[in-house]
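Participant: A single structure is presented below for examination.
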Amino acid sequence: SQYGLLASTAFTFLFAFSSLIAGSLADKYDRKLLTLSSCLVWTLATLAQSQAQTYDEVLIARVVMGGACAFAAPAAYTLIADKISKDKLAFANSLYGSGVYLGGALASLSLLLDNNMGWRGTLGVIG
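Start counting the sequence shown at 42; every next residue gets the next number (my numbering).
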């Protein structure tokens with residue numbers, strides 16, 4: 042049950058809630074700064090998971106990571122819309138969307154790292 046909480050609920054609930062806030066903030070504030078901040082916090086949360094000593098520390102880092110990840114998509118799609126001409130916008134958005142899912146698929150390769158380095162080492166490499 043602890044793994045289930047880490048793998049789904051801890052990340053997903055805050056991600057879903059934060060996405061609503063992220064979309065609103067992306068409309069009002071510097072989207073490049075939001076994207077950079079999101080990536081920085083996401084990376085630090087991943088590294089924090091690798092250094093966690095207790096389950097609660099891993100859980101907190103996972104929740105923070107979910108909140109940070111939520112800011113990537115709204116800012117990215119609006120930045121793409123600003124930079125790409127209307128006649129190429131759908132294709133550019135599909136490339137970004139495909140990259141998100143390709144990244145998720147490649148994440149399954151982290152099992153290979155985990156087998157060789159353990160979960161802490163894997164999170165350290167990914168972070």
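Where is the CB? At the ideal position from N, CA and C, for every residue including glycine.
1. Between A109 and W83, how many whole angstroms is the CB-CB distance? I'm expecting something under 8 Å.
2. Report the CB separation of R103 from A51 in whole angstroms; it is logged as a contact under 8 Å.
3. Spell out a yes or no on whether the region 116-134 and the region 90-105 are touching, meaning 3 or more CB-CB pairs, one atom from each, closer than 8 Å.
4. With the cut-off set at 8 Å, would you say L154 and G162 are in Cβ contact?
5. Can you tell me which of the three DSSP states F56 falls into?
6. Considering only their Cβ atoms, is the gap separating Y142 from A117 smaller than 8 Å?
7. Taking 6 Å as the limit between beta carbons, can you name the residues of its chain near L55, skipping five residues before and five after?
8. For the alpha helix (DSSP H) that contains S135, what are its first and last residues?
Facilitator: Let me spell this out:
1. 4 Å
2. 4 Å
3. no
4. yes
5. helix
6. no
7. V104, G107 and G108
8. K127 to A148
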